[in-house]
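Engineer: So the protein sequences, as listed, match chains A and B.
Residue 129 in the numbering used here is what sits at position 129 of the first sequence, and the numbering runs on without skipping anything.
Position in the second sequence (from 1) plus 336 gives the number in the numbering used here.
Sharing a structure here in structure tokens format.
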Amino acid sequence: MAKKSYRTAINDALRGEMRRNPDIIVLGEDVAGGQGATGDVGVVGSVFGVLGGLYKEFGPTRVIDTPISESAIVGAAAGAALTGLRPVAEIMFVDFVGVCFDQIYNQAAKFRYMFGGKAKTPMIIRATIGAGFRAGAQHSQSMHPLFTMVPGLKVVMPSNAYDAKGLMIEALRGDDPVIYLEAKTLYDTEVEVPDEAYRVPFGEARVAREGKDITLVAFGPMVPRALAVAETLAKDGISAEVVDPRTTSPLDEDTILESVEKTGRLVLVDESPPRCSLASDVAAIVADKGFKFLKAPIKSVTCPHTPVPFAPVLEDEYMPNPRRIEAAVRAVMKFD
Amino acid sequence: MQLSRDELKRAYKRMFTIRAFEERVEKEFAAGNIPGFAHVYLGQEASGVGVCHDLTDEDLIGSTHRGHGHCIAKGCDVKGMMLEIMGKAGGLCGGKGGSMHIADLSKGMLGANAIVGGAPPIAVGAALTQKYKKTGRVSVAFSGDGASNQGTVFEAMNMAVVLKVPAIFVFENNGYGEHTAASYSVGGGSIADRARSFGMPAEVVDGVDFFAVHEAMGRALEHCRAGTGPYALEIRCYRFLGHFVGDPQAYRTADELKDARSHDPLPLFRKKVTEAKLLEASELDAIEKEILAEVEDAAQTAIAAPPPDIKSLEKDVYVRY
Ligand SMILES: Cc1ncc(C[n+]2csc(CCOP(=O)(O)OP(=O)(O)O)c2C)c(N)n1
Ligand SMILES: [Mg+2]
Numbered sequence: 001m002a003k004k005s006y007r008t009a010i011n012d013a014l015r016g017e018m019r020r021n022p023d024i025i026v027l028g029e030d031v032a033g034g035q036g037a038t039g040d041v042g043v044v045g046s047v048f049g050v051l052g053g054l055y056k057e058f059g060p061t062r063v064i065d066t067p068i069s070e071s072a073i074v075g076a077a078a079g080a081a082l083t084g085l086r087p088v089a090e091i092m093f094v095d096f097v098g099v100c101f102d103q104i105y106n107q108a109a110k111f112r113y114m115f116g117g118k119a120k121t122p123m124i125i126r127a128t129i130g131a132g133f134r135a136g137a138q139h140s141q142s143m144h145p146l147f148t149m150v151p152g153l154k155v156v157m158p159s160n161a162y163d164a165k166g167l168m169i170e171a172l173r174g175d176d177p178v179i180y181l182e183a184k185t186l187y188d189t190e191v192e193v194p195d196e197a198y199r200v201p202f203g204e205a206r207v208a209r210e211g212k213d214i215t216l217v218a219f220g221p222m223v224p225r226a227l228a229v230a231e232t233l234a235k236d237g238i239s240a241e242v243v244d245p246r247t248t249s250p251l252d253e254d255t256i257l258e259s260v261e262k263t264g265r266l267v268l269v270d271e272s273p274p275r276c277s278l279a280s281d282v283a284a285i286v287a288d289k290g291f292k293f294l295k296a297p298i299k300s301v302t303c304p305h306t307p308v309p310f311a312p313v314l315e316d317e318y319m320p321n322p323r324r325i326e327a328a329v330r331a332v333m334k335f336d
Numbered sequence: 337m338q339l340s341r342d343e344l345k346r347a348y349k350r351m352f353t354i355r356a357f358e359e360r361v362e363k364e365f366a367a368g369n370i371p372g373f374a375h376v377y378l379g380q381e382a383s384g385v386g387v388c389h390d391l392t393d394e395d396l397i398g399s400t401h402r403g404h405g406h407c408i409a410k411g412c413d414v415k416g417m418m419l420e421i422m423g424k425a426g427g428l429c430g431g432k433g434g435s436m437h438i439a440d441l442s443k444g445m446l447g448a449n450a451i452v453g454g455a456p457p458i459a460v461g462a463a464l465t466q467k468y469k470k471t472g473r474v475s476v477a478f479s480g481d482g483a484s485n486q487g488t489v490f491e492a493m494n495m496a497v498v499l500k501v502p503a504i505f506v507f508e509n510n511g512y513g514e515h516t517a518a519s520y521s522v523g524g525g526s527i528a529d530r531a532r533s534f535g536m537p538a539e540v541v542d543g544v545d546f547f548a549v550h551e552a553m554g555r556a557l558e559h560c561r562a563g564t565g566p567y568a569l570e571i572r573c574y575r576f577l578g579h580f581v582g583d584p585q586a587y588r589t590a591d592e593l594k595d596a597r598s599h600d601p602l603p604l605f606r607k608k609v610t611e612a613k614l615l616e617a618s619e620l621d622a623i624e625k626e627i628l629a630e631v632e633d634a635a636q637t638a639i640a641a642p643p644p645d646i647k648s649l650e651k652d653v654y655v656r657y
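As structure tokens, this is what we get:
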């Protein structure tokens with residue numbers, strides 16, 4: 001099996017499924033690139049290069065460059081999904097959902113329920129998340145909690161290339177609207193990825209590392225960070241288990257609770273401001289359903305309650321960094 | 337309207353400052369001194385400077401992700417800008433904003449904006465303040481051709497007409513939104529026609545020619561200051577570089593890129609003012625020399641400056657909390 005990057009894994013999934021299902025279309029800004037220009041069309045393949053080569057293979061009827069009009073992009077995807085296509089819409093940076101949120105949460109997410117179960121809205125919104133790119137306050141947010149709290153949406157946060165492919169295929173074969181959040185900082189990370197199609201089911205967490213002393217639950221780009229800290233701690237005899245929920249809606253509560261039952265301690269690592277975050281959500285679930293397992297209070301490592309700052313020194317401090325994760329784990333381990 | 341020698345010098349100085357600043361940004365970006373990404377204004381100098389020439393510090397502008405030129409045209413300090421772009425203490429926004437969020441309210445600069453189509457609604461509000469407080473000032477929203485396709489822009493134009501506010505919608509049509517040509521993305525082809533259809537006067541302006549922009553802006557200002565509502569300018573200009581510094585631009589031919597460079601507002605301005613004997617070439621040379629030194633100093637200072645204090649991370653989220 002060959003190693004593939006997170007970027008290539010997503011491309012693989014889309015390409016394979018587009019070959020298989022002619023109803024899948026891709027739309028967004030510069031998903032091909034070069035339309036109307038003097039040079040080559042299709043040379044961009046979306047600004048992070050995830051859709052490279054798709055225009056060449058599938059042409060302009062299936063790889064559709066749009067004007068800069070997020071409301072219309074997402075709304076059109078919702079309307080097309082409702083009437084028989086399977087659109088994959090791209091919102092380049094998740095921050096831009098501010099422009100089109102109505103089409104997501106009042107429209108796409110609610111059709112099925114409002115229409116008494118008669119409708120299906122099989123669409124995917126791909127968007128990039130995360131700080132660490134020195135991209136400033138309007139290009140660095142994650143916003144997964146915002147989607148997770150909307151009934152009707154499924155929310156996917158792949159943390160590695162293997163899951164990225166399997167979760168994308170699962171999304172493309174499902175019938176519900178999916179928010180698929182790609183971590184910018186992970187695009188070049190590689191793991192072994194099968195060439196053939198496979199599905200990673202939603203709502204099934206992955207135990208990314210087994211351990212017995214403490215459970216770390218991390219989301220998306222925070223998973224590799226949690227794993228790195230777990231390695232460091234192992235040298236000091238602290239055995240940390242790392243759980244990657246992979247989807248925040250649905251959320252695999254059972255795997256998290258089983259892990260906490262085993263370790264008795266929990267630290268959450270979530271790149272989000274702290275209030276109403278996945279960290280606070282999972283902490284509440286564990287306090288509610290797993291109180292008897294806990295040997296120490298739950299700790300969360302999140303961003304502060306601020307926008308994302310530009311200056312590198314500030315941004316590095318803003319993100320849940322290894323130093324803060326490690327400190328939280330040690331504090332929980334010391335509690336008695 | 338004939339501009340005085342001093343005014344002509346000021347215009348050239350601002351245009352050349354933008355040129356020198358952006359070329360330096362290109363260089364420092366390549367050297368790794370500028371974090372993130374940088375969208376430069378090279379080729380569009382006459383547009384921003386022509387629009388802002390007759391504005392005071394009390395007139396307001398809202399800008400875009402390609403905002404350095406607008407900042408300079410509105411009188412922002414280049415050292416403060418360079419410090420900001422490098423994410424340093426002492427930057428115009430304390431290093432918290434960066435290239436896409438430079439703001440200087442004391443200069444009437446309401447911020448660059450990393451959300452395409454973000455500025456026009458804000459500019460309508462700023463224009464409403466001027467109308468409400470009877471200041472006689474105007475507010476300008478800069479947008480690109482790409483941004484002209486954003487719903488927020490349509491809403492802002494319509495509301496400005498309905499509320500009859502002194503807002504000027506400046507569409508800098510440089511032919512591209514990112515990597516897609518305006519000829520593909522702007523349905524109907526004319527941004528000026530769109531503005532007209534909302535019920536405001538609109539002009540198509542040659543953005544290579546400072547004088548054309550300045551004169552059109554004069555008509556826009558007259559219209560707005562008379563209390564007759566908004567005005568729009570579609571300024572046709574050329575993007576010399578890619579969308580961002582480092583964009584490989586395979587979607588543009590070498591011929592097209594060469595042609596873009598031939599529509600350079602700076603030599604055109606030089607030619608016009610020297611041929612009309614309004615300014616001497618030596619005077620323009622002296623301006624260039626002075627500006628190059630200023631930009632050099634800004635860059636050196638910014639490179640050497642310390643980063644912001646970590647303690648500033650949680651400051652200024654609110655006025656009070
Ligand atoms: C809401 C939103 N959508 C998309 C983007 C990504 N983006 C940044 S600049 C840009 C192109 C803007 O084109 P135009 O308005 O013509 O301005 P120009 O870059 O030519 O100055 C795009 C699509 C964004 N920043 N915000
Ligand atoms: Mg443009």
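Using N, Cα and C, we set each Cβ at its ideal position, and we do this for glycine too.
(1) Could you spell out the range, first to last residue, of the beta strand (DSSP E) harbouring A/Ala89?
(2) Within 8 Å of any Cβ in chain A, is that where the Cβ of B/Val387 sits?
(3) Quick check: is any heavy atom of ligand 1 less than 7 Å from the C-beta of B/Asp481?
(4) Could you work out which residues of chain A lie near B/Ala641, taking near to mean beta carbons separated by less than 8 Å?
(5) Taking A/Gln354 as the query, report the chain B residues whose CB atoms sit under 8 Å from its CB, ordered along the chain.
(6) Within a Cβ cutoff of 6 Å, which residues of the same chain sit near B/Val541, ignoring the five residues on either side of it in sequence?
(7) Run the CB neighbour count on A/Cys276, radius 10 Å, all protein chains shown included, and call it buried at 16 or more, exposed below.
(8) Using a Cβ-Cβ distance under 8 Å, would B/Val581 count as near chain A?
(9) Would you mind sorting B/Ser618 into buried or exposed? The rule is 16 or more other CB atoms within 10 Å of its CB.
(10) Can you find a C-beta in chain A that's less than 8 Å from the C-beta of B/Thr392?
(11) Three or more C-beta pairs under 8 Å: does that hold for the region 345-362 of chain B against the region 616-633 of chain B?
(12) Is the beta carbon of B/Tyr587 within less than 7 Å of some heavy atom of ligand 2?
(13) Does the distance from the CB of A/Asp30 to the CB of B/His559 come in under 8 Å?
(14) Which same chain residues, not among the five before or five after B/Leu615, have their C-beta less than 8 Å away from its C-beta?
(15) Would you verify that the beta carbon of B/Tyr574 is, or is not, closer than 8 Å to some beta carbon of chain A?
(16) Measuring only between beta-carbons, confirm whether B/Glu373 sits less than 8 Å from chain A.
(17) Give the DSSP bridge partners of A/Ala127, in chain order.
(18) Are the C-beta atoms of A/Thr61 and some chain B residue less than 8 Å apart?
(19) Looking only at its chain, what residues have a beta carbon closer than 7 Å to the beta carbon of A/Leu227, apart from the 5 residues adjacent to it on each side?
(20) Do you know offhand how far B/Glu508's Cα is from A/Ile10's?
(21) Use the C-beta contact count for B/Gln466: other C-beta atoms within 10 angstroms, 16 or more gives buried, fewer gives exposed.
(22) Quick check on DSSP: helix, strand or coil for A/Asp65?
(23) Give the DSSP bridge partners of B/Gly453, in chain order.
(24) Roughly how many angstroms separate the alpha carbons of A/Pro274 and A/Glu315, rounded to a whole number?
(25) Does the beta-carbon distance from A/Ile256 to A/Ala328 come in below 8 Å?
(26) Going by beta carbon distance, what residues of the same chain come within less than 8 Å of B/Val414, once the five residues before and after it are set aside?
(27) Mind checking whether A/Ile73 and A/Gly39 have CB atoms under 8 Å apart?
(28) Measuring only from the beta carbon, is B/Tyr512 closer than 7 Å to any heavy atom that is part of ligand 1?
(29) Relative to the alpha-carbon of B/Asn485, which residue among B/Pro457, B/Gly511, B/Leu378, B/Ile527 has its alpha-carbon at the smallest distance?
(30) Looking at chain B, which residues of the region 37-54 of chain A have a Cβ within less than 8 Å of any of its Cβ atoms?
(31) Tell me whether the beta-carbon of A/His139 lies closer than 8 Å to the beta-carbon of A/Phe93.
(32) Compare the Cα-Cα distances from A/Tyr113 to each of A/Pro151, A/Thr83, A/Ile238, A/Phe291 and report the closest residue.
(33) Using a Cβ-based criterion (distance less than 7 Å to any ligand heavy atom), does B/Ile408 qualify as near ligand 1?
(34) Strictly by DSSP, which residues pair up with A/Val242?
(35) Using C-beta distances below 8 Å, list every residue in its chain close to A/Met123, excluding the 5 sequence neighbours before and after it, in chain order.
(36) Tell me which residues of the region 254-265 of chain A have at least one Cβ-Cβ distance to chain B shorter than 7 Å, keeping chain order.
Structural biologist: Taking the definition as stated:
(1) Stepping through the first sequence from its first residue, residue 89 of chain A is reached at position 89. Start and end: 86-93.
(2) Within the second sequence, numbered from 1, the residue matching residue 387 of chain B stands at position 51. Not closer than 8 Å to any Cβ of chain A, the Cβ of B/Val387 fails to qualify, so no.
(3) As a working note, residue 481 of chain B is residue 145 in the second sequence. True, at least one ligand heavy atom lies under 7 Å from that Cβ.
(4) Counted from its first residue, the second sequence places residue 641 of chain B at position 305. Here the premise fails: no neighbours, minimum Cβ distance about 11 Å.
(5) The displayed coordinates of chain A run from 1 to 336. Any statement about residue 354 of chain A would go beyond what the structure contains.
(6) The sequence position of residue 541 of chain B within the second sequence is 205, counting from 1. Excluding sequence neighbours, B/Val541 sits near Ala548, Val549, Ala552, Leu569, Ile571.
(7) Walking along the first sequence from the start, residue 276 of chain A turns up at place 276. Looking at its Cβ environment, which holds fewer than 16 other Cβ atoms inside 10 Å, A/Cys276 is exposed.
(8) As a first step, residue 581 of chain B must be located in the second sequence, where it is residue number 245. No, B/Val581 lies away from the interface with chain A (no Cβ there is under 8 Å from its Cβ).
(9) Looking up residue 618 of chain B in the second sequence gives position 282. With fewer than 16 other Cβ atoms within 10 Å, it is exposed.
(10) Here residue 392 of chain B refers to the residue found at position 56 of the second sequence. Answer no: the Cβ-Cβ gap between B/Thr392 and chain A never drops below 8 Å.
(11) yes
(12) As a working note, residue 587 of chain B is residue 251 in the second sequence. Result no, Cβ not under 7 Å from ligand 2.
(13) Within the first sequence, numbered from 1, the residue matching residue 30 of chain A stands at position 30. Within the second sequence, numbered from 1, the residue matching residue 559 of chain B stands at position 223. The answer is no: Cβ separation not under 8 Å.
(14) Position 279 of the second sequence holds residue 615 of chain B. Here the set comprises Arg341, Leu344, Lys345, Tyr348, Val609.
(15) Counting from one through the second sequence, the residue named residue 574 of chain B turns up at place 238. Cβ-Cβ to chain A under 8 Å: no for B/Tyr574.
(16) Locating residue 373 of chain B in the second sequence gives position 37, where the first residue counts as 1. With the sequence shown as reference, residue 373 of chain B is identified as Phe, and Glu is not the correct amino acid for it. Yes, contact with chain A.
(17) As a working note, residue 127 of chain A is residue 127 in the first sequence. The partner list for A/Ala127 (beta bridge, DSSP) reads A/Ile91, A/Leu181.
(18) As a first step, residue 61 of chain A is located in the first sequence; it is residue number 61 there, counting from the start. Not one chain B Cβ lies under 8 Å of A/Thr61.
(19) Indexing the first sequence from 1 puts residue 227 of chain A at position 227. Cβ within range, chain order: Ala208, Arg209, Val242.
(20) The sequence position of residue 508 of chain B within the second sequence is 172, counting from 1. The sequence position of residue 10 of chain A within the first sequence is 10, counting from 1. Their backbone Cα atoms lie some 36 Å apart in a straight line.
(21) For this step, residue 466 of chain B is matched to residue 130 along the second sequence. With 16 or more other Cβ atoms within 10 Å, it is buried.
(22) Position 65 of the first sequence, counted from the first residue, corresponds to residue 65 of chain A. Three-state DSSP puts A/Asp65 in a strand.
(23) Against the second sequence, residue 453 of chain B aligns to sequence position 117. The partner list for B/Gly453 (beta bridge, DSSP) is empty, contrary to what the question assumes.
(24) As a first step, residue 274 of chain A must be located in the first sequence, where it is residue number 274. As a first step, residue 315 of chain A must be located in the first sequence, where it is residue number 315. Taking the straight line joining both Cα atoms gives about 16 Å.
(25) Taking the first sequence and counting its residues from 1, one reaches residue 256 of chain A at position 256. Taking the first sequence and counting its residues from 1, one reaches residue 328 of chain A at position 328. No, these two residues do not count as a Cβ contact at 8 Å.
(26) Within the second sequence, numbered from 1, the residue matching residue 414 of chain B stands at position 78. Answer for B/Val414: Thr353, Phe357, Ile408, Glu630, Val631, Ala634, listed in chain order.
(27) The residue given as residue 73 of chain A occupies position 73 in the first sequence. The residue given as residue 39 of chain A occupies position 39 in the first sequence. For A/Ile73 and A/Gly39, no; Cβs fall outside 8 Å.
(28) Walking along the second sequence from the start, residue 512 of chain B turns up at place 176. For ligand 1, at least one heavy atom lies less than 7 Å from the Cβ of B/Tyr512.
(29) What you label residue 485 of chain B is simply residue 149 of the second sequence in a count that begins at 1. Minimum Cα distance to B/Asn485 is reached at B/Ile527.
(30) Ala37, Thr38, Gly39, Asp40, Val41, Val43, Val44, Val47
(31) Start at 1 with the first residue of the first sequence, and residue 139 of chain A comes out as number 139. Start at 1 with the first residue of the first sequence, and residue 93 of chain A comes out as number 93. Yes, the Cβ-Cβ distance between A/His139 and A/Phe93 is below 8 Å.
(32) Numbered from its first residue, the first sequence carries residue 113 of chain A at position 113. Of the candidates A/Pro151, A/Thr83, A/Ile238, A/Phe291, the one whose C-alpha sits nearest the C-alpha of A/Tyr113 is A/Pro151.
(33) The residue labelled residue 408 of chain B in the question sits at position 72 within the second sequence. No - ligand 1 has no heavy atom lying nearer than 7 Å to the Cβ of B/Ile408.
(34) Numbered from 1 along the first sequence, position 242 holds the residue referred to as residue 242 of chain A. Bridge partners of A/Val242: A/Arg209, A/Leu216.
(35) Taking the first sequence and counting its residues from 1, the one referred to as residue 123 of chain A is at position 123. The answer, listed in chain order, is Ala77, Ala78, Ala80, Ala81, Arg86, Pro87, Val88, Ala89, Ala108, Pro177, Val178.
(36) none
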